[in-house]
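Colleague: Here the working numbering is used: the first residue of the sequence shown is -8, the next is one more, and so on. Every residue, glycine too, gets a C-beta built ideally from N, C-alpha and C.
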Amino acid sequence: MAGYRRQLYRDDAVVLRVQKLGESDRIITLLTRRHGRLRAVARGVRRTSSRFGARLEPFGHVDLQLAGDPKGNQGSSLHTVSQVEGIDLYGKRFLGDYPRYTAASAIAETAERLTPVEREPSLRLFQLTLGALKALARGEHATTLVLDAYLLRGMALAGWAPALTACAVCGTPGRHRAFSVPAGGAVCPDCRPPGAAHPAPTTIDLMSALTSGDWQVADATETGVRRECSGLVAAHLQWHLERALRSLPLVDRGAPAAGVVPPPGGGAAGPVPPPRGAGAGVDGVSREMTE
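1. Using DSSP bridges, identify the partner residues of residue 11.
2. For residue 52, which beta-bridge partners are listed by DSSP?
3. Under 8 Å, with one C-beta from each stretch per pair, do the stretch -2 to 13 and the stretch 24 to 35 reach the 3-pair mark?
4. Just to confirm before moving on: does the CB-CB distance between residue 175 and residue 200 stay below 8 Å?
5. Please report the straight-line C-alpha distance between residue 56 and residue 29, rounded to a whole angstrom.
6. Output the residue ranges of the beta strand (DSSP E) runs that lie fully inside the stretch 162 to 204 and measure 3 residues or longer, sorted by chain position.
7. With 16 other CB atoms within 10 Å as the buried threshold, where does residue 296 fall?
8. Return the residue from the list 102, 186, 236, 135 that minimises the CA-CA distance to residue 198.
9. Taking DSSP as the reference, what is the three-state secondary structure of residue 30?
10. Distance, Cα to Cα, residue 295 vs residue 236?
11. Could you check if residue 130 is buried or exposed, using at least 16 other CB atoms within 10 Å of its CB as the buried criterion?
12. Should residue 239 be counted as a contact of the ligand NAP given a C-beta to heavy atom distance under 7 Å?
13. Roughly how many whole angstroms lie between the Cα atoms of residue -2 and residue 38?
14. First and last residue of the alpha helix (DSSP H) that includes residue 217?
15. Using three-state DSSP, classify residue 157 as helix, strand or coil.
16. Under a three-way DSSP split, which group does residue 259 fall into?
17. Would you be able to state if there are at least three C-beta pairs under 8 Å between the stretch 91 to 111 and the stretch 155 to 167?
18. Would you mind sorting residue 45 into buried or exposed? The rule is 16 or more other CB atoms within 10 Å of its CB.
19. By alpha-carbon positions, which one of 118, 231, 204 ends up nearest to residue 171?
20. Report the rounded CA-to-CA distance for residue 33 versus residue 124, giving the unit in angstroms.
21. If you count every other CB in all the chains shown that lies within 10 Å of the CB of residue 82, and 16 or more means buried, which is it?
22. So, using beta-carbon positions, are residue 194 and residue 213 closer together than 8 Å?
23. In this structure, what does DSSP give as the bridge partners for residue 72?
24. With a threshold of 6 Å on Cβ separation, who are the neighbours of residue 117 within its own chain once the five nearest residues in sequence on each side are excluded?
25. With DSSP as the reference, label residue 22 as helix, strand or coil.
26. Going by C-alpha to C-alpha distance, which of 92, 68, 224, 150 sits closest to residue 243?
Okay, here's the thing in C-alpha cells:
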C-alpha cells in the first residue's frame, strides 16, 4: 500500500515454532499475550553475528517489539521482529532431556492447533501454555502428567472437555466404566456404543485430578494408570482436531506394563478410534519445531 508505514508495538510471547526463510532469516510462530497467535519474520537470525538469534528458539518466553498492524487490517500478514529480550528461555533446559523436549513440542503444537485464527486474543491459552512450560522446566511433576493436564485444560478452553462425572450422552451422573471418544467421554451402560474403551476407575479419577489441578492425587498414581490416561486424552484431542499431532507419538511415556503392547498414536490401553482425517507418518520433533 502506497505510503503505508508499519507501526511498532510490544508484547510478550511464547515461541511455538521456527521455520527457515531464505539464507539467513526465519519465520517465528508466536503465541502472544494480547494479540493471539501470529507469525513474524526475524531477519538475519541464522547468522553467527545475530544479536538475538538465540532468544528466538522454541519454548522461550520473550518480550518483543514487532513492526506491523496488530489487527491485520493493513500490509502483510507477516510481522517483523525489530527487538527481542529473553524473559525465560525454557528451551535451553530441555535440549538434553528427551522426555521433556518431546512433551514441550507436543504442548507447542497443540497451542498452535488450538488457535486456528491469527491475531485472535487468547489470554487463557497463553497463560496455560506458559504455565505448562514452566512446570516442565521446574520438574516438580512427571512429564506426562504435565502434558496431559495441559491437553485436558486446553480442550476445556476449546469446549471439548471429556465428560468424566456424568454420561456424555444422557447426562446420568456417576462414575461410568465405559469411555467413548466419539460420544464425548464416559458413557453409561445404556448409552455405551460398540467399541467403547473400559479404562480402570483410577484412570478416570486421574483425568479428573489433572483437569482440576489436584496434583496430590495425580502424583500418587501408578505408571500403568498414567499410560492409559495418556492414551484416552490423546485420542480425545486428536478426534476433535480431526488430524493427528505429529509430535505426540514421540513423547516418552515410560515402559509399558508386562504383556501390554501400546497402539501407535498415544498409548491407550483399550480400543480408541483414529482421529478424523489423520494422515500417516510421523516426522521428527526437532524438524517439526525448527523446520
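Modeller: On the basis of the data shown:
1. As a first step, residue 11 is located in the sequence shown; it is residue number 20 there, counting from the start. BP columns for residue 11 point to 17.
2. As a position in the sequence shown, residue 52 is number 61, starting the count at 1. In the DSSP output, where bridge partners are listed per residue, residue 52 has 5, 79.
3. yes
4. Stepping through the sequence shown from its first residue, residue 175 is reached at position 184. Stepping through the sequence shown from its first residue, residue 200 is reached at position 209. No, these two residues do not count as a Cβ contact at 8 Å.
5. Working through the sequence shown from its first residue, we reach residue 56 at position 65. Working through the sequence shown from its first residue, we reach residue 29 at position 38. Their Cα atoms are separated by approximately 13 Å.
6. 169 to 171, 176 to 178
7. The first residue shown for the chain is -8 and the last is 282, placing residue 296 beyond what the model contains.
8. For the purposes of this step, residue 198 is identified with residue 207 of the sequence shown, where counting begins at 1. When only C-alpha atoms are compared, the closest one is 135.
9. Start at 1 with the first residue of the sequence shown, and residue 30 comes out as number 39. Strand.
10. What the structure shows of the chain is the stretch from -8 to 282, and residue 295 is not part of that stretch, so it cannot be assessed.
11. Reading the sequence shown from its first residue, position 139 is the one you call residue 130. Per the 10 Å Cβ criterion, exposed.
12. Absent from the structure shown: the ligand NAP. Ligands present: none.
13. Along the sequence shown, one-based indexing puts residue -2 at 7. Along the sequence shown, one-based indexing puts residue 38 at 47. Cα to Cα, residue -2 sits roughly 26 Å from residue 38.
14. One-based indexing of the sequence shown puts residue 217 at position 226. Counting along the chain, the alpha helix (DSSP H) containing residue 217 begins and ends at 214 to 232.
15. The count along the sequence shown starts at 1 and reaches residue 157 at position 166. Here residue 157 sits in strand by DSSP.
16. Taking the first residue of the sequence shown as position 1, residue 259 is located at position 268. Only weak support is given to the placement of residue 259: the predicted model assigns it a pLDDT of 41, under 50, and the value that follows is read from those uncertain coordinates. Coil at residue 259, not helix or strand.
17. no
18. Mapped onto the sequence shown, residue 45 falls at position 54. Its Cβ having fewer than 16 others within 10 Å, residue 45 is exposed.
19. Here residue 171 refers to the residue found at position 180 of the sequence shown. The residue with the shortest Cα to Cα distance from residue 171 is 231.
20. Taking the first residue of the sequence shown as 1, we reach residue 33 at position 42. Taking the first residue of the sequence shown as 1, we reach residue 124 at position 133. Using only the alpha carbons, I get a separation of about 23 Å.
21. Indexing the sequence shown from 1 puts residue 82 at position 91. With 16 or more other Cβ atoms within 10 Å, it is buried.
22. Working through the sequence shown from its first residue, we reach residue 194 at position 203. Working through the sequence shown from its first residue, we reach residue 213 at position 222. Their beta carbons are not under 8 Å apart, which means residue 194 does not touch residue 213 by this criterion.
23. If you number the sequence shown from 1, residue 72 lands on position 81. Residue 72 pairs with 57.
24. Taking the first residue of the sequence shown as position 1, residue 117 is located at position 126. Hits under 6 Å: 22, 24.
25. The count along the sequence shown starts at 1 and reaches residue 22 at position 31. Strand.
26. Counting from one through the sequence shown, the residue named residue 243 turns up at place 252. The option with the nearest alpha carbon to residue 243 is 92.
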